[in-house]
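**Student:** Just so you know, the protein sequences line up as chains A and B, in that order. Residue numbers for the first sequence follow the working numbering, beginning at 1112 and rising by one. Residue numbers for the second sequence follow the working numbering, beginning at 4 and rising by one. Glycine is no exception: its CB is placed at the ideal position from the N, C-alpha and C atoms.
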Amino acid sequence: MVTYILQRLGLALVTIWAISVVSFVIIQLPPGDFVDTYITNLAASGSAVRAEEAQALREQYGLDKPIWVQYWKWISRVATGDFGMSMEWGRPVIEVIGDRLWLTIVISFAAILITWGIALPIGIYSAVRQYSVADYIFTFVGFVGLAVPNFLLALIIMYFGFKLFDLNIGGLFSAEYQIAPWSAGKVWDMMKHLPLPAMILALAGTAQLIRIMRANLLDELRRPYVTTARARGLPEWRVILKYPVRAALNPFASTIGYLLPFVVSGSIVVSLVLSLPTVGPLLLRSLVAQDMFLAGTIVLLLGILTVIGTFLSDLILMWIDPRIRSGMHG
Amino acid sequence: MSAPATQAATTPLVTAAEEKIAAATQLQLTWWRFRKHKLAVASGILVVLFYIGAILADFLAVTGPHSTDAARSYIPPQSIHWYDDGAFKPHVYALKGKRDMRTFKIVYAPDPSDKRYLQLFARGYSYSFLGLFETDRHLLGLDRGKPEDALFLLGTDQLGRDVWSRLMLATRTSLTVGLVGVALSLFLGVLLGGISGLYGGVVDTVIQRMIEILRSIPTIPLWMGLAAALPNTWSVTQVYIAITVIISLIGWTELARVVRGRFLALREEDFVTAAELAGASRLRIIFRHMVPSFLSHIIAAVSLALPAMIISETTLSFLGLGLRPPAISWGVLLQDAQNIQALGIAPWLLVVAVPVIIVILAFNFLGDGLRDAADPYG
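1. Using a C-beta to C-beta distance shorter than 7 Å, which residues of chain A count as neighbours of B:G347?
2. Given a cut-off of 8 Å, decide if A:L1395 and A:L1385 are closer than it, judged by their beta-carbon atoms.
3. Report all residues from its chain with a CB closer than 8 Å to the CB of B:T9; omit the five preceding and five following residues, and keep chain order.
4. For B:R119, does the count of other Cβ atoms within 10 angstroms reach 16, so buried, or fall short, so exposed?
5. Taking CB distances under 8 Å as the criterion, tell me whether B:E316 reaches chain A.
6. Can you tell which of B:A173, B:V51, B:A311, B:A281 has its C-alpha closest to the C-alpha of B:G184?
7. Is any beta-carbon of chain B found at less than 8 Å from that of A:V1410?
8. Whether or not the stretch 251-264 of chain B and the stretch 181-196 of chain B are in contact is what I'm after, with contact meaning three or more pairs of Cβ atoms, one per stretch, closer than 8 Å; do they touch?
9. Just to confirm before moving on: does the CB-CB distance between B:G67 and B:Y128 stay below 8 Å?
10. Is B:Q338 near B:S315, with beta carbons less than 8 Å apart?
11. On the CB-based measure, 16 or more other CB atoms within 10 Å of its CB, does B:L243 come out buried or exposed?
12. At least one CB of chain A closer than 8 Å to the CB of B:A304: is that the case?
13. Quick one: what does DSSP say B:A6 is sitting in, helix, strand or coil?
14. Whose CA, out of A:S1219, A:F1194, A:I1218, A:V1217, lies closest to the CA of A:I1208?
15. Using a Cβ-Cβ cut-off of less than 8 Å, list which residues of the stretch 1250-1271 of chain A approach chain B; keep chain order.
16. Between B:A311 and chain A, is the shortest Cβ-Cβ distance under 8 Å, so that the two count as touching?
17. Alpha carbon to alpha carbon, what distance is there between B:A20 and B:A26?
18. Going by DSSP in three states, B:G381 sits in which element: helix, strand or coil?
19. For the beta strand (DSSP E) containing B:D87, list its first residue and its last residue.
20. Use the C-beta contact count for A:R1211: other C-beta atoms within 10 angstroms, 16 or more gives buried, fewer gives exposed.
21. Going by beta-carbon coordinates alone, are A:F1262 and B:T176 separated by less than 8 Å?
22. Within 10 angstroms of its Cβ, does A:W1293 collect 16 or more other Cβ (buried), or is it exposed?
23. For the beta strand (DSSP E) that contains B:A45, what are its first and last residues?
24. Which class does A:M1112 belong to by DSSP, given the choice of helix, strand or coil?
25. Determine whether the Cβ of A:S1376 lies closer than 8 Å to any Cβ atom of chain B.
26. DSSP three-state label for A:G1441, please.
27. For a cutoff of 8 Å on Cβ pairs, would you count A:P1306 as touching chain B?
28. Can you list, in chain order, the residues of its chain with a C-beta nearer than 8 Å to that of A:Y1103? Leave out the 5 residues immediately preceding and following it.
29. What runs of the alpha helix (DSSP H), each 4 residues or longer, lie entirely inside the stretch 208-255 of chain B?
30. From the beta carbon of B:A356, is the nearest beta carbon of chain A less than 8 Å away?
31. With B:L157 and B:W351 assumed to form a contact (beta carbons below 8 Å), what rounded beta-carbon distance in angstroms separates them?
32. Quick test of the definition: if touching needs 3 or more C-beta pairs under 8 Å, does the stretch 1294-1304 of chain A touch the stretch 1345-1361 of chain A?
33. Between the stretch 1363-1382 of chain A and the stretch 1419-1435 of chain A, can you find at least three pairs of beta-carbon atoms closer than 8 Å?
34. B:K118 bridges to which residues according to DSSP?
35. Three-state secondary structure (DSSP) at B:H292?
36. For A:I1379, return the contacting residues in chain B, with the cut-off set at a CB-CB distance below 9 Å.
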């Protein structure tokens, strides 16, 4: 059990390191270093930077050193919570990101809960009533959810909301709470806006989960112990829910690891279409403006949070699945 | 293959049909099973039709996809009238500009008195057919007047460009991005998955961990970061290549997983041991004996990877980080439909969603059918 946790933890740390390298590469990618960008920006606003000042800036950020030294400098500062300055906003990156990161997490988490909430009962139903009309309908809806990219789904829903109900679906807060500080009222307001984007995000992942659940449960239902339970006169719902569903849940739980990166990715695009105040629109804007410290930090933080989420889901999986707890890999 | 055949000839217990199955290659078996899967076959035909459409894109287009006319912006889709005085003569009404006395803008409206008859194989803008020869023939045109002035099957966009024609060319771009991307992913996937499955041990562990790491990173922010770094000065072709490379750099993991799994399973098979004992070289074992027996799995995995590639390109271009105008792809077209204001004025811009959804669904059904067919125990 300890070996398993250590193994997972090790992998998580390596992944975080890989993500940090990728983020650093993204920061470095645009031509010229960021002092050049800084100088151009200042020149555009009318103030000039002298050559000595530019040199001082370069030295401060270690831009005259080899690349791995620069990476080391950057990552050591990041480790202390200093993510650098946003060129476009003229404020520390972490201030610019602010609440947006948490809202991204809230939306992704809600989407995963909804995915589970939809996929579990439907998966069970589809397996128990295999080849029924409802089974076919669910399968079809699932496939459509899989096939429609979620930004497209958001666009279509937004259009029909506008056309049929004259409703502007975008945003996560009503106008009066837009810039208000956090309060119970603001949280409640968010809760009211949350279901729609979360549903849109959830639909794409649901199809696959339904299919996994259905296939797993079908395998279990054919086992002799189910017949035994039935023969002993257990009520049908107990026959199904008590044993086969529990056994079928294990592979189901392990899918959360891939679901999380998928949902976080989706949230970026859906946020853009529905103008949700998550890191999505900020990331796009920073990339277009080549505000690289901001962009790199967003990629880094999203990646790290996803890894942490996956690690936690591994722990949950261990808690559910006795085979992993006892050190066997199943 | 010759040994069971002679045996069948001497023992009457084996019927001709069984003999056919026994002698069939893995690909043939897969194909026979696949044929029974009606939905998958229909989807396969649909996919082929789409690719034929992509090849003939210029021929199917009506007007030059870049010919703009600001005066004709946001013309709604025209309806085709099939009969004229009881005879089958498809036609559209010509558009007549009238000055709106309130806004003083010229508003185009169909004029029922001016009928333009549709013509097959009509002349239009000239293009190069597959780079082979120059021609100006198009599937549809008008008997008189330029189609640029009157024929808008799916309406026009803000710049007055014909949505139908642009959709045809966008289909070509988006479908080929998928193909090129998958080819690259396949190369990486077979190479790394093959090495992983064949050698096992430390190499396998390293490659597997690498795949796990790649899969645990949210892809869209990563793509966005990489795609945004492409220089603005790059040509359409350079951006196109770069985007496919970026997408396939992350997309190969699933293919590698399939290939590795197959290699691991086949390594223990008797026929591989037999080939080894017979002194066949490693390369010969891989390409002559192993690859043919899991080729159908690869085909299935590829047809499931293609729609993912297409979605990736569409998403990136939709965000403005993928292909950029003047390139035309589904994502580029959908960019015009991005905000609710534009959709309120011109809902027909959303029509691009239809081929996207159909193609992706068809690929998924096709891939599912192929996967079922490739796996006799599934």
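**Tutor:** Let me spell this out:
1. F1273
2. no
3. Its pLDDT being 49, under 50, B:T9 is placed unreliably in this model, and the value from its coordinates should be taken loosely. Excluding residues within five positions, none has a Cβ falling inside 8 Å.
4. buried
5. no
6. B:A311
7. yes
8. yes
9. yes
10. no
11. Looking at the sequence provided, one finds Tyr at residue 243 of chain B rather than Leu. Looking at its Cβ environment, which holds 16 or more other Cβ atoms inside 10 Å, B:Y243 is buried.
12. no
13. In this prediction, B:A6 scores a pLDDT of 48, lower than 50, which makes its location untrustworthy; the coordinate-derived value is nonetheless stated afterwards. Note: B:A6 maps to helix in three-state DSSP.
14. A:F1194
15. F1254, V1255, L1257, A1258, V1259, P1260, F1262, L1263, L1266, I1267, M1269, Y1270
16. no
17. 10 Å
18. In this predicted model, B:G381 has a pLDDT of only 41, less than 50, meaning its place in the structure is not dependable; the value taken from the coordinates is given anyway. It is coil, neither helix nor strand.
19. 84-87
20. buried
21. no
22. exposed
23. Not the beta strand (DSSP E): B:A45 falls in the alpha helix (DSSP H), residues 41-58.
24. coil
25. yes
26. Below a pLDDT of 50, predicted positions are generally treated as unreliable, and A:G1441, at 40, falls in that range; the measurement from the model is reported next regardless. DSSP places A:G1441 in coil when its eight states are reduced to three.
27. no
28. This structure cannot settle anything about residue 1103 of chain A, because the visible part of chain A is limited to 1112 through 1441.
29. 222-231
30. yes
31. 6 Å
32. no
33. yes
34. B:Y96
35. helix
36. P221, I223, P224, M227, L322
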